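Trainee:
Residue numbers (my numbering): 152 to 424.
1) What residues match up with residue 189 in a beta bridge as DSSP calls it?
2) In whole angstroms, what is the alpha-carbon distance linking residue 218 and residue 392?
3) Shortest alpha-carbon distance to residue 295 belongs to which of 242, 375 and 372?
4) Whether or not the region 406-417 and the region 376-390 are in contact is what I'm after, with contact meaning three or more pairs of Cβ atoms, one per stretch, closer than 8 Å; do they touch?
5) With respect to the beta strand (DSSP E) encompassing residue 322, which residues constitute its N-terminal and C-terminal limits?
6) Kindly indicate which three-state DSSP category residue 311 falls into: helix, strand or coil?
7) Excluding the 5 residues preceding and the 5 following residue 293 in the sequence, name in chain order all residues of the same chain whose CB lies nearer than 6 Å to its CB.
8) Hey, how far is the Cα of residue 424 from the Cα of residue 233?
9) Going by alpha carbons, who is nearest to residue 375 out of 407, 397, 337 and 390?
10) Just tell me which of 381, 340, 286 and 367 has its CA closest to the CA of residue 311.
11) Hey, would you say residue 273 sits closer than 9 Å to residue 307, going by beta carbons?
12) Which full runs of the beta strand (DSSP E) of 3+ residues lie inside the region 343-384, going along the chain?
13) Short check: CB of residue 257 to CB of residue 309, under 9 Å?
14) Apart from the five residues on each side of it in sequence, which residues of its chain come closer than 6 Å, Cβ to Cβ, to residue 216?
15) Can you name the start and end residues of the alpha helix (DSSP H) that residue 298 belongs to?
16) The alpha helix (DSSP H) that contains residue 199, what's its start and end?
17) Which residues mark the beginning and the end of the alpha helix (DSSP H) in which residue 248 is found?
18) Quick one, which of 253, 247 and 226 has its alpha-carbon nearest residue 320's?
19) Got a sec: does the ligand NAP put a non-hydrogen atom nearer than 8 Å to the Cβ of residue 392?
20) Would you report the Cα separation of residue 348 and residue 322, rounded to the nearest angstrom?
21) Taking the continuous alpha helix (DSSP H) assigned at residue 416, which residues delimit it?
22) Sort out for me which residues DSSP pairs residue 256 with in a bridge.
23) Assuming residue 399 and residue 359 are in contact, meaning their beta carbons sit under 8 Å apart, how far apart are those beta carbons, in whole angstroms?
24) Residue 227 to residue 213, Cα distance in whole Å?
Laid out in structure tokens, this is it:
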């Protein structure tokens, strides 16, 4: 007991800055191990698909150890975006301008695989970016180059008025309307009828892709063989309320709002008509 008392007294005699630093470091480490390090949560109804995940994705039973010096999800997103913007090279897309049934135009940016083995099947990945994203965004470029390197074809869907394409009709895009996406999917399958079609949707792109997967079009034609939805806001009302909270969330909200305002300003002549 005397040893403990002596050590406590000795610690308290240290400079206050040292005490604060050590205390903060201990608190940080405890917080990291108690709240940051944890196994992923799986939200899936009991059945064949959940059994498939348990059997084929054993990593879901392991704890996720985020980078200790940047474990907060939003900071990870910002930091990753900054790093990718410097290290990810431009993607050598081939652009196709597609005219929609109502006269609107969208851009499809294609990237063919670098090499494909003789016995490898033909697959095409359709990428749907987030709210204001296009094929030049760093996360889209990084994914496109990775898919190309894996031996698959990828095509990025740039929405109306996005990716350097002017609006041809007084209509932009919507997170809950899959009309344009339906036309694009049909175009891809007509261009490559034997290809296996997969989809990747990020944020709003995930909303669009998810809506399509649950539509009668997918049910009847079975266009997509596989899909991945990333960072999808499942509850839009709760998402809207959350993103308006201070401080970092509100900053992200302001950035997205500014991008949308720029889109409207750049297309003001067409929208005003």
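Backbone N, C-alpha and C fix where the C-beta goes; we use that ideal spot for every residue, glycine too.
Because the structure is a prediction, the values reported are computed rather than measured.
Mentor: This is what the structure holds:
1) BP columns for residue 189 point to 215.
2) Using only the alpha carbons, I get a separation of about 28 Å.
3) If we check each option's Cα against that of residue 295, 242 comes out closest.
4) Counting Cβ pairs under 8 Å, fewer than three are found: no touch.
5) Counting along the chain, residue 322 falls outside any beta strand (DSSP E), and DSSP gives it neither H nor E.
6) The DSSP-derived three-state label of residue 311 is coil.
7) Cβ neighbours of residue 293 beyond the five flanking positions: 235 and 239.
8) The C-alpha of residue 424 lies about 38 Å from the C-alpha of residue 233.
9) Per the C-alpha coordinates, the member of 407, 397, 337 and 390 positioned closest to residue 375 is 337.
10) Taking the Cα of residue 311 as reference, the smallest distance to any Cα among 381, 340, 286 and 367 is reached at 286.
11) Inclusion of residue 273 and residue 307 in the CB contact set at 9 Å is not warranted, their separation being larger than that value.
12) The qualifying runs are 347-353 and 375-381.
13) Their beta carbons are under 9 Å apart, which means residue 257 touches residue 309 by this criterion.
14) Cβ neighbours of residue 216 beyond the five flanking positions: 188.
15) Residue 298 -> alpha helix (DSSP H) spans 289-300.
16) Per DSSP, residue 199 belongs to the alpha helix (DSSP H) from 199-207.
17) According to the DSSP assignment, residue 248 belongs to no alpha helix (DSSP H) but to the beta strand (DSSP E) extending over 245-250.
18) Considering only alpha carbons, the answer is 253.
19) Absence of the ligand NAP is noted for the structure shown, with no ligands found whatsoever.
20) A straight line joining the alpha-carbon of residue 348 with that of residue 322 spans about 28 Å.
21) Annotation: the continuous alpha helix (DSSP H) that includes residue 416 extends over 399-417.
22) According to DSSP, which records beta bridges pairwise, residue 256 is partnered with 250.
23) With a Cβ gap of about 26 Å, residue 399 and residue 359 do not count as contacting.
24) Approximately 20 Å, taken between the alpha carbons.
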